[in-house]
Amino acid sequence: MATVVAITGASSGIGAATARELAARGADVVLGARRTERLDELAEEIRAKGGRASVRAVDVTSRADVDGLVAAAVEEFGRLDVLVGNAGISRIGPVAQLDVEGWQAMIDVNVRGVLHGIAAALPVFERQRRGHFVTTVSTAGIKITPTMAVYGGTKNAVRTILEGLRQESTAGWLRTTSVSPGYVRTELADSIGDPVLRAEIQRNMNEFAIAPEAVARAIAFAIEQPDDVEIGDITIRPTTQD
Ligand code: NDP
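Following this line, the structure appears as structure tokens:
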């Protein structure tokens, strides 16, 4: 029986690499993001290699959209084993810049988006007596860095929420995993509003970031453990990152 995995933010970077990796290992994947043309291409690529993939337009700030992603998995594949809450944005900058709109956007996507996933999938997991939440948080929540205070705060919020959920759910059917990547070569820096900071982070990504496939393999490792084994936290970063 194939594992059924729904992934938010599957249209690029870590989410797309995770979909490819899991599909190659035999999982059925349900791909969610706003850029559905990219999801369609990825689903085609997975199907061409013999995998099973379906696509759903999802803005994670909409509870109804995330409910729809989970419902699509259950409808198409009969259940949902894992929800990878990966969609995220990085509107970083010094707190004193008072980018209130950027803070709001990060809280909406990075925190509320994951909460919408929990609200959609937890009842399904409970019914199945089986389920796994994986989220992509960040080393920015572990090593606090200037310009990344609010971004890192959103990631720490999610890590805290998953840990709290884990402690409330020790009956044996729920697993939670927070994956904290360092610099990963993706499109994430494109969402940075400040052009100087954007160029600096893009330079860092080009110079020493790891490939998104490395994070995908770490996520697959957590998912593939036996049901009674939980990998709670994974930190994965370039060997050259301080
Ligand atoms: P990308 O920008 O390549 O991917 C981000 C994904 O999030 C895209 O698929 C995008 O899809 C999706 N997304 C953004 N906003 C929304 C939304 N409102 N609704 C649904 N999907 C949305 O960056 P990464 O792959 O790097 O980012 C993936 C995760 O990894 C993020 O949570 C990020 O914070 C985290 N991370 C990344 C690091 C890095 O160095 N790259 C380091 C640490 C953590 P679309 O625009 O099509 O909706």
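Numbering (this note's numbering), first residue to last: 19 to 260. We put the CB at the ideal spot given by N, CA and C, even for glycine.
- In the DSSP assignment, residue 153 falls within the unbroken beta strand (DSSP E) covering 149-154.
- With a minimum length of 3 residues, the unbroken runs of beta strand (DSSP E) contained wholly in the stretch 168-247 fall at 192-199.
- DSSP places residue 90 inside the alpha helix (DSSP H), whose first and last residues are 81-95.
- Membership of residue 132 in the alpha helix (DSSP H) is indicated by the continuous run 131-146.
- Non-local beta-carbon contacts of residue 211 in its own chain, meaning distances under 7 Å to residues more than five positions away in sequence, involve 109, 111, 117, 120 in chain order.
- With respect to residue 105, residue 73 sits apart: the two C-beta atoms are not nearer than 8 Å.
- In terms of side-chain proximity, the C-beta atom of residue 206 is found nearer than 7 Å to a non-hydrogen atom of ligand 1.
- Of the heavy atoms belonging to ligand 1, none sits nearer than 7 Å to the Cβ of residue 136.
- Residue 38 and residue 26 have their C-alpha atoms roughly 14 Å apart.
- Secondary structure at residue 57: helix, using DSSP grouped into helix, strand and coil.
- Residue 88 and residue 218 have their C-alpha atoms spaced approximately 37 Å apart.
- Exclusion of the five residues before and after residue 209 leaves 107, 108, 109 as the residues of its chain whose Cβ lies within less than 7 Å of its Cβ.
- Assigned with DSSP and collapsed to three states, residue 65 falls in helix.
- A Cβ-Cβ contact shorter than 8 Å links residue 233 with residue 197.
- Following the DSSP letters along the chain, one finds residue 21 in no alpha helix (DSSP H), marked with neither H nor E.
- Residue 254 is bridged by DSSP to 199.
- The count of Cβ pairs closer than 8 Å, one atom from the stretch 77-92 and one from the stretch 19-35, reaches three, so the stretches are in contact.
- Note that the C-beta distance between residue 215 and residue 165 is below 8 Å.
- Setting aside the 5 residues that flank it on each side, residue 199 is surrounded in the same chain by 233, 254, each with a C-beta closer than 6 Å to its C-beta; the list follows chain order.
- In the DSSP assignment, residue 120 falls within the unbroken alpha helix (DSSP H) covering 118-124.
- Nearest to residue 147 by C-alpha distance, out of 124, 156, 187, is 187.
- In this structure, DSSP gives residue 106 a state outside helix and strand, which the three-state scheme calls coil.
- In the three-state scheme derived from DSSP, where H, G and I count as helix and E and B as strand, residue 28 is classed as coil.
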